[in-house]
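Engineer:
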Amino acid sequence: MSIVTIFANKLYAVHYEGADTNELMRLLDLWQDTQYVFDFVTEHEGDLRNFETVDSVVQEIQKSADEIEDILLEENVANLDEWFKPLDNLQYHEGILAKQKGRETYLRIYALKIEPNCYVVTGGAIKLTQKMEDREHTSEELRKLNISRQYLQNNGVFDIDSFTEYLEE
8 MSIVTIFANK
18 LYAVHYEGAD
28 TNELMRLLDL
38 WQDTQYVFDF
48 VTEHEGDLRN
58 FETVDSVVQE
68 IQKSADEIED
78 ILLEENVANL
88 DEWFKPLDNL
98 QYHEGILAKQ
108 KGRETYLRIY
118 ALKIEPNCYV
128 VTGGAIKLTQ
138 KMEDREHTSE
148 ELRKLNISRQ
158 YLQNNGVFDI
168 DSFTEYLEE
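Quick note: the sequence shown uses the working numbering, first residue 8, plus one each step.
Here it is in structure tokens:
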């Protein structure tokens, strides 16, 4: 596992060993692949609400992927804290390396908050169910979030200074 810079001092992403690219780029590529999204939604059609169709959800996912790309890949992104929110909707206090999510309709980007306006993307998912534990693919993203958090803790990361030292090693 390594951490790559998307925008220095603001946005980073995990690059898992054996992966072709970092998590943010992997997700954006997948979500903009019409065939992948269609196959995914068709496979999970039972999770759609009564009024939703496969085609409408596919279109919404691809629109949301474009919006996420615009939000996260603009160098002048003003405030990531406005987009990322606590993973747990009932969380009121953020701890060290707090688990966060950014969302656009069905899409989630999962990240660890290093400090205000500084995040490490650990993964993401198309989320059609209420809880992450409800489906294997979202449970896997929760596992990756926890593994990445533990990895950073094991490497002495607990704030921006220790994170910067880690990156310089």
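For each residue, glycine too, the CB sits at the ideal point set by N, CA and C.
What you are looking at is a predicted structure, and each value in this text was computed from that prediction instead of being measured.
1) By Cβ distance, which residues of its chain are closer than 8 Å to Y113, with the 5 residues on each side in sequence left out?
2) Could you pull out every residue in the same chain whose Cβ sits closer than 8 Å to the Cβ of D168, ignoring the five residues on either side in sequence?
3) Going by the beta-carbon positions, is the gap between E148 and G131 smaller than 8 Å?
4) Under a three-way DSSP split, which group does T12 fall into?
5) Can you tell which of L174, L80, W90 has its C-alpha closest to the C-alpha of R115?
6) Would you say L119 and L79 are within 8 Å of each other, going by their C-beta atoms?
7) Please check the pair V21 and S155, which I expect to be a contact at CB under 8 Å, by giving their CB distance rounded to whole angstroms.
8) Bridge partners for V128 per DSSP, in chain order?
9) Excluding the 5 residues flanking D54 on each side, which residues of the same chain have their C-beta closer than 7 Å to its C-beta?
10) Is L174 close to the ligand PLP? I mean its beta-carbon at under 7 Å from any heavy atom of the ligand.
11) From the DSSP output, in three-state form, read off G109 for me.
Structural biologist: Result, derived from the coordinates:
1) V64, E67, I68, S71, I133, K134, L135
2) none
3) yes
4) strand
5) W90
6) no
7) 5 Å
8) A20, A118
9) L135, T136
10) Questions concerning the ligand PLP fall outside what the structure shown contains, since it holds no ligand whatsoever.
11) strand
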